[in-house]
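Reviewing the structure listed below.
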Amino acid sequence: MTPLPKLSAPACRALTAAGVAFLEDLSRISRKEAAKLHGMGPNALTKLDAALAEAGLAWRQE
Numbered sequence: 172m173t174p175l176p177k178l179s180a181p182a183c184r185a186l187t188a189a190g191v192a193f194l195e196d197l198s199r200i201s202r203k204e205a206a207k208l209h210g211m212g213p214n215a216l217t218k219l220d221a222a223l224a225e226a227g228l229a230w231r232q233e
């Protein structure tokens with residue numbers, strides 16, 4: 172399992188509350204769903220986009 176990139180504390184709490192512990196877990200949710208999480212900002216989403224692309228993974232399609 173691939174660890175998540177370094178994110179702000181609010182973004183980390185939001186992902187933890189959504190059941191996301193590893194990068195692979197993000198494939199279960201869409202980017203739109205992630206953006207709606209309280210504490211997720213544009214900077215965190217940009218970092219997650221880059222980390223997913225680097226790992227050859229993607230957000231769930233809507």
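The number in this note's numbering is simply the position in the sequence shown, starting from 1, with 171 added.
Even for Gly, the Cβ is constructed at its ideal location relative to N, Cα and C.
Where the alpha helix (DSSP H) through residue i begins and ends
| i | result |
| --- | --- |
| Asp-196 | Counting along the chain, Asp-196 falls outside any alpha helix (DSSP H), and DSSP gives it neither H nor E. |
| Leu-223 | 213 to 225 |
| Ala-205 | 202 to 207 |
Residue i - DSSP class collapsed to helix/strand/coil
| i | result |
| --- | --- |
| Pro-176 | coil |
| Glu-233 | coil |
Residue i, buried or exposed, once every other Cβ within 10 Å from all chains shown has been counted against 16
| i | result |
| --- | --- |
| Ala-215 | buried |
| Met-211 | buried |
| Ala-221 | exposed |
| Ala-182 | buried |
| Ala-224 | exposed |
| Ala-185 | buried |
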